[in-house]
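Protein chains in written order, with the numbering used here: chain A, 1 to 152; chain B, 153 to 304.
Have a look at the structure below, then the notes.
2 protein chains.
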Amino acid sequence: MTEPLSLRLDDQLCFGLYAASRAVTSLYRVVLADLDLTYPQYLVMLALWERDDRPVKELGAELNLDSGTLSPLLKRLQAAGLVCRTRRSDDERSVRIGLTESGKALREKAAGIPDVIGEAMGLDEAALGRMRAELDRLAESVNAYREALSPS
Amino acid sequence: MTEPLSLRLDDQLCFGLYAASRAVTSLYRVVLADLDLTYPQYLVMLALWERDDRPVKELGAELNLDSGTLSPLLKRLQAAGLVCRTRRSDDERSVRIGLTESGKALREKAAGIPDVIGEAMGLDEAALGRMRAELDRLAESVNAYREALSPS
DNA sequence: CACAATTAAGTTGTGCACAACTAAGTTGGA
DNA sequence: TCCAACTTAGTTGTGCACAACTTAATTGTG
Numbered sequence: 001m002t003e004p005l006s007l008r009l010d011d012q013l014c015f016g017l018y019a020a021s022r023a024v025t026s027l028y029r030v031v032l033a034d035l036d037l038t039y040p041q042y043l044v045m046l047a048l049w050e051r052d053d054r055p056v057k058e059l060g061a062e063l064n065l066d067s068g069t070l071s072p073l074l075k076r077l078q079a080a081g082l083v084c085r086t087r088r089s090d091d092e093r094s095v096r097i098g099l100t101e102s103g104k105a106l107r108e109k110a111a112g113i114p115d116v117i118g119e120a121m122g123l124d125e126a127a128l129g130r131m132r133a134e135l136d137r138l139a140e141s142v143n144a145y146r147e148a149l150s151p152s
Numbered sequence: 153m154t155e156p157l158s159l160r161l162d163d164q165l166c167f168g169l170y171a172a173s174r175a176v177t178s179l180y181r182v183v184l185a186d187l188d189l190t191y192p193q194y195l196v197m198l199a200l201w202e203r204d205d206r207p208v209k210e211l212g213a214e215l216n217l218d219s220g221t222l223s224p225l226l227k228r229l230q231a232a233g234l235v236c237r238t239r240r241s242d243d244e245r246s247v248r249i250g251l252t253e254s255g256k257a258l259r260e261k262a263a264g265i266p267d268v269i270g271e272a273m274g275l276d277e278a279a280l281g282r283m284r285a286e287l288d289r290l291a292e293s294v295n296a297y298r299e300a301l302s303p304s
């Protein structure tokens, strides 16, 4: 019989998570100002730099974002000249997102960012990997629980 | 001479953080539906249940939120009948936020939430505390770095 | 074939986050 | 005393997140 967890703000892991996530995002805001990207836009660019020319649906699955978030975001990336959208001819429902030359070129400018963020975090590579693994496990566990509680 | 960190999405701790934070928030969305609160609103209520009747400024300092976020959020809590705002007579700039009876009463309904979230995370109390400490350290380190990079 | 069910993307509306700004009150010197 | 500097809240505008919905195309089944 363990003590029930308290309603105290300081005790709650979730608040730590929320605060840490916002702290990291706000550092990205500074670092990304140079590239004229927001953090979610940067995530999309990362995904595209890894694999170019793929449907919105696939980007959404990788980043856990739905079309309600991605559609306007991609519209802004398109307006900035970084990506282009082409409707597939064999399935007119699907839209492929591809990098423009300028979008590909931006990768060079971004090359140094992971090191800056890594340094700001003040963790060695081992601690970084360990924490990443713990967070992945956490997210998976929480998502499974939510799915059971409220099947979407 | 360590390897420079890569631009691969999977490698990045920050994405894990972002994904985990969103996963937890989406579980809260389900759990809090019963109380008609969003997650940030719940955080404000937690802060007020701990210490009632204090200025917006102080709430902001505790939650790391500025008036641009808090003002409309508090307005919604007020509209829901959970808090009331009173301007201090000795310093008319300052607005104190206090719980209404209904706001105080809501605490009973929230009492079980930390255990639900704790269970969803699937961590024992020790792991929970350890992770919380790591996240706090991370946020502090990142904030210090950003502050140095771009003094606000 | 017909057509209901499904799928992909986009739209609308709400509520954070946050930058930049405004309004109003307070304080601390010269 | 006067008023410039500061402080507290609030406002405005932008961009996520996400639920709920729409539109249009495709698929599966009788």
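Quick reminder that beta carbons are idealized off the backbone N, C-alpha and C, glycines included.
- Judged by DSSP secondary structure, L179(B) falls within the alpha helix (DSSP H) whose first and last residues are 165-184.
- At least 7 Å separates the CB of P303(B) from every CB of chain A.
- Against chain A, the CB of V176(B) has a partner CB under 7 Å away; the residue lies at that interface.
- When DSSP states are grouped into helix, strand and coil, P266(B) belongs to the helix group.
- Within the DSSP bridge table, the entry for G68(A) names no partner.
- Annotated three-state conformation of L59(A) is helix, per DSSP.
- Nearest to K109(A) by C-alpha distance, out of Q12(A), V24(A), R22(A), A33(A), is A33(A).
- Remark: C-beta atoms of V208(B) and V247(B) approach each other more closely than 7 Å.
- Membership of R237(B) in the beta strand (DSSP E) is indicated by the continuous run 235-239.
- Between L99(A) and L48(A) a beta carbon distance of about 5 Å is seen, short of the 8 Å cut, so the two are scored as contacting.
- Taking a beta-carbon distance threshold of 7 Å, V196(B) does not count as an interface residue toward chain A.
- Within chain A, not a single residue places a beta-carbon under 9 Å from that of S246(B); the smallest gap is close to 22 Å.
- Annotation for G281(B): the continuous alpha helix (DSSP H) segment containing it runs 277-301.
- For L198(B), the enclosing alpha helix (DSSP H) starts and ends at 191-202.
- By the C-beta density criterion, P156(B) is exposed, having fewer than 16 other C-beta atoms within 10 angstroms.
- From the listed residues L27(A), Y18(A), R8(A), the smallest Cα separation to P303(B) is found for L27(A).
- By the Cβ-count criterion, P114(A) is buried, with 16 or more other Cβ atoms from all chains shown falling within 10 Å of its own Cβ.
- Of the candidates A232(B), G281(B), R174(B), the residue whose Cα lies closest to the Cα of V142(A) is R174(B).
- Spatial neighbours of Y42(A) in its own chain (CB-CB distance under 6 Å, excluding positions within 5 residues in sequence) are listed in chain order as L32.
- If you ignore the 5 residues before and after T238(B), its C-beta comes within less than 6 Å of the C-beta of R248, all in its own chain and listed in chain order.
- Beta-carbon to beta-carbon, V196(B) and L159(B) are separated by about 37 Å, too far to satisfy the 8 Å threshold.
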